[in-house]
Each structure stands twice: as C-alpha cells, then as structure tokens.
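Below: one structure, written as structure tokens.
Chains as they are written, first to last, in this note's numbering: chain A, 69 to 203; chain E, 369 to 662.
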C-alpha cells in the first residue's frame, strides 16, 4: 500500500474533495502523469479529461475536470479546475453540450491561433466522450 | 381631520404593508445564509489562484515579455468600468452606494480628459447611472433570470471583457461591487482587474517553494493561461460578494421598514381612538343639552 498524502480538488463553486489519498492521475496538458507521496514541487496546466484518485482503501474514483491547473507542493496536491464533476454524475447531455460549445468556438475563431486552441479543446473533449462511452 | 373610516382604512393598509416587509425580511434572511455559504465555498479557489499567480508574477516583474494582462497596454487613456449591482430594488442603499462610487470615479476620469466606457452588470446599476452617464454605457448584462450565480455566468462576463481588451477597446479595467462585511455593513469597493495587481506575500513558504518548482508547460505559458481565468474568478467572487451584500442590505432595510410600519400603526391607532372618544363625547353633550332644554 502506497503512503498517503493530502489531496484537494477545488472548483470555483465549491471544494469537492479534501482527503488523504494514495495516488492521483492527472490529465496534464503535456500528458497524463501520476502523483504519489513526496512528489517534487511541480505545476502543470490540465486539459479536459478524467482525473483518477486512488483512496486509502485502494479504490479508484474518477472525476471529469476541465480547465485549470495542478499544484504539487511539499504539503500536498491541489487541483484547481474550472469544472469538476464526479464521473458517476456526469451525463451525456452535459458532455455533448460542451462539445457543441467547442465546435462553435472553432467556427467563431478569428485567427489561426484561436482556431488551433479551440480545435485542440474540441478534440480533447471528443477523446473524453470516447473514453466514457467505452467504459 | 380624517374621518374614522379614513383612519380605519389607513391602519389596514399599513398593516398589509408591514406583512409584506416582514415576509421580505425573512426571505432575505434565508437567502442571505445561502449566499454566504456560496461565497465561502468559492473562497479557497480564489485564494489558491491568487497565491499561485502572485508566485508566478514575481518572476515576471518588470520584464518586457510579461503578459499584457499584467503589464497593461502602456497607457491609460481608455477606462472600462464594470459596475456590478443587484437586479432588484428595496435593499436600502446597496445599489445607490455602488453606483455612487462608480459615478464619482467616472466623473474624475472624465475631468482628467480620459475616455470612459461602462459595462453594467445588473439592471439597477444601469438605472442609477443612465441619467448622468447614459451615453458612456456600452452594454448592460442582466442576470435577472439567474437564480444562483454560477461560475459560467461570471465566465461569460469575463470573456466579454477579455475580448474587448484583446481588441484594444480599453486600457484599464476597474470592477465595482460591494464587499460583504456583515449583515449591517456592506462596503462598496473598486478593484482594478486589468492590468492585474498581485500582493506578493513576503516571508511565506511560497517564496522558498517557488524557487524549486518545475513547470509544465513553462512559466510564461502557465501565466498566460491563468491570467484570463483569473479575471473570471475575480468577477465570480465579486458577484457572490454582491449577492450576499444585497441580501444583507435588504434584510436590514426590511427590518427598518417593518419597525417603521409598527410605529405608524401605533400612532394611527391612538389617533383613531381619540377621535372615536371625541365623537362619543359630542353625542353625549348633544343628548344632555337636548334633555335640559325640555
């Protein structure tokens, strides 16, 4: 059993989670990464995706997170996400809505840079939808 | 001198008003508790965000490649004032105080020869501002249909502000709202959003920790990603503070109104009784003097 560390998942509207966990897998912008106890101080932005948390009993919880960043300090890990929903509560409609919004963003983009960004978000969201469908 | 019937009608009408104000006070009290909880729940996010940004900002202090949201556009000719108020009245000086602060600021900016643009969030603020500064209001955002302010509402406003900034439509952005101190005290506040200012906490653990942090992607990109988000977060916080302040202000205003109505009822009842007695006395005198005349 891995050693436990403090993990906090915070969205603008409320603090979702604040507990001792064994491992967290975070969808970073430049790739997924896992965090165990005594991770070196590290900060990364996150992409829309599934955040996995292993609690002290070894069970995995999954959360859909969007936009924000993960901050790993000696005292523990904090994930600030613009949107964070337990996967069990997420509905297909919600995701479809997000994908629809992303599509509109792609259509509305004024310059290449904005379009590229919007397209990236769209493809990330579609990945999430695929992953959820498979599960 | 109002007749007995007039007095009776007035007492009834004041009583009805008192019932309404009493009910409004109780509704505001219940809503206040919820608004306060929402404001408290949002605090950790805003605080963490600020701490991280302050840490990052130190590294970019005074550098040429600092993001524009932090360093500004280089001049301060055009000011955008975002005035956040309530959608409804009957809450004491709440809306007026915010509008007054914004108006004073706008006046002094205009006197300095700057250009002022105003973005109103909430109908009441617009109502209070339009008479004097109506031509400067570029847009009004109404949240009338929104029951509980969510982050998406704030995000929408944030995006609006950002897209205007990117289009070079203003140089400095100031947000006006009311800070919730307590149920009886709300303080109108002006906060500069763009360019962003951060209070750097000295001596905190943050100082030492930031030195050995690893960043992915690099600091510049993280900062560029977080600054726009921060605008929305600050607006969200302001909206929640506003919601709590509004209910607090309404509660004390309605408490006063209920008390005033009570005083008025007492006074009217005394006047009513006095007049009734006077009438009885007059009738008696008429009867007695009539009997004596026989």
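For every residue, glycine included, the Cβ atom is placed at its ideal position computed from N, Cα and C.
Asked                                                                                                                       : Found
Distance CB(residue 94 of chain A)-CB(residue 100 of chain A) smaller than 8 Å                                              : yes
Within chain A, the residues that residue 532 of chain E reaches when beta carbons sit closer than 9 Å                      : Those within 9 Å of residue 532 of chain E in chain A number zero; the least Cβ separation is about 13 Å.
Residues that residue 82 of chain A contacts on chain E, provided the C-beta gap is smaller than 7 Å                        : 409
Interface partners of residue 593 of chain E on chain A, CB under 7 Å                                                       : 113
Assigned secondary structure, residue 116 of chain A (DSSP; H/G/I helix, E/B strand, else coil)                             : coil
Residue 479 of chain E in three-state terms, based on DSSP                                                                  : helix
Chain A contact residues for residue 486 of chain E, given Cβ-Cβ distances below 9 Å                                        : Within chain A, no residue comes near residue 486 of chain E; the closest Cβ sits about 25 Å away, beyond 9 Å.
Beta carbon proximity, residue 402 of chain E to chain A, threshold 8 Å                                                     : no
Residue 71 of chain A versus residue 113 of chain A - alpha carbon distance                                                 : 25 Å
Straight-line Cα distance separating residue 374 of chain E from residue 650 of chain E                                     : 19 Å
Secondary structure of residue 80 of chain A, DSSP reduced to three states                                                  : coil
CB-CB length for residue 486 of chain E against residue 506 of chain E, believed under 8 Å                                  : 7 Å
Chain E contact for residue 144 of chain A (CB, 8 Å cutoff)                                                                 : no
Complete runs of the alpha helix (DSSP H) confined to the region 521 to 600 of chain E [at least 4 residues]                : 573 to 579
Own chain, CB closer than 7 Å to residue 439 of chain E, minus 5 neighbours either side, in chain order                     : 563
Assigned exposure category for residue 613 of chain E - 16 Cβ within 10 Å defines buried                                    : buried
Boundaries (first-last residue) of the alpha helix (DSSP H) holding residue 150 of chain A                                  : Segment 144 to 154 is the beta strand (DSSP E) holding residue 150 of chain A; no alpha helix (DSSP H) there.
Counterpart residues of residue 485 of chain E in DSSP-defined beta bridges                                                 : E:448
Pick from E:617, E:503, E:582, E:644 that is closest to residue 107 of chain A, judged by C-alpha positions                 : E:582
CA-to-CA distance, residue 501 of chain E to residue 356 of chain E, given in whole angstroms                               : Coverage of chain E is limited to positions 369 through 662, which leaves residue 356 of chain E absent and any answer about it impossible.
Cβ-based burial, residue 190 of chain A [other Cβ within 10 Å; buried from 16]                                              : buried
Delimiting residues of the alpha helix (DSSP H) encompassing residue 138 of chain A                                         : Residue 138 of chain A -> not in any alpha helix (DSSP H); beta strand (DSSP E) instead, spanning 128 to 141.
Selection from E:420, E:406, E:517, E:645 that minimises the alpha carbon distance to residue 453 of chain E                : E:517
Under 9 Å from the C-beta of residue 525 of chain E: neighbouring residues of chain A                                       : Neighbours of residue 525 of chain E on chain A: none; closest Cβ ~13 Å, over 9 Å.
Residue 570 of chain E versus residue 418 of chain E: straight-line alpha-carbon distance, rounded                          : Per-residue confidence for residue 570 of chain E stands at a pLDDT of 45, beneath the threshold of 50, marking its modelled position as unreliable; the derived number appears in the next sentence. Cα to Cα, residue 570 of chain E sits roughly 14 Å from residue 418 of chain E.
First through last residue of the alpha helix (DSSP H) which encompasses residue 442 of chain E                             : No alpha helix (DSSP H) holds residue 442 of chain E; DSSP gives it neither H nor E.
Rounded straight-line distance, which links the Cα of residue 423 of chain E to that of residue 574 of chain E              : With a pLDDT of 43 at residue 574 of chain E, under the threshold of 50, the predicted position of this residue should be treated as unreliable, and no value is reported.
Spatial distance of residue 172 of chain A from residue 155 of chain A (CA atoms)                                           : 25 Å
DSSP bridge partner residues for residue 86 of chain A (one or two, in chain order)                                         : A:76
Proximity winner among E:388, E:444, E:383, relative to residue 458 of chain E (alpha-carbon distances)                     : E:388
Touch test, the region 518 to 529 of chain E against the region 594 to 604 of chain E, Cβ-Cβ under 8 Å, three pairs minimum : yes
Residue 409 of chain E versus residue 135 of chain A - alpha carbon distance                                                : 19 Å
Segment limits, alpha helix (DSSP H) that includes residue 160 of chain A                                                   : 160 to 176
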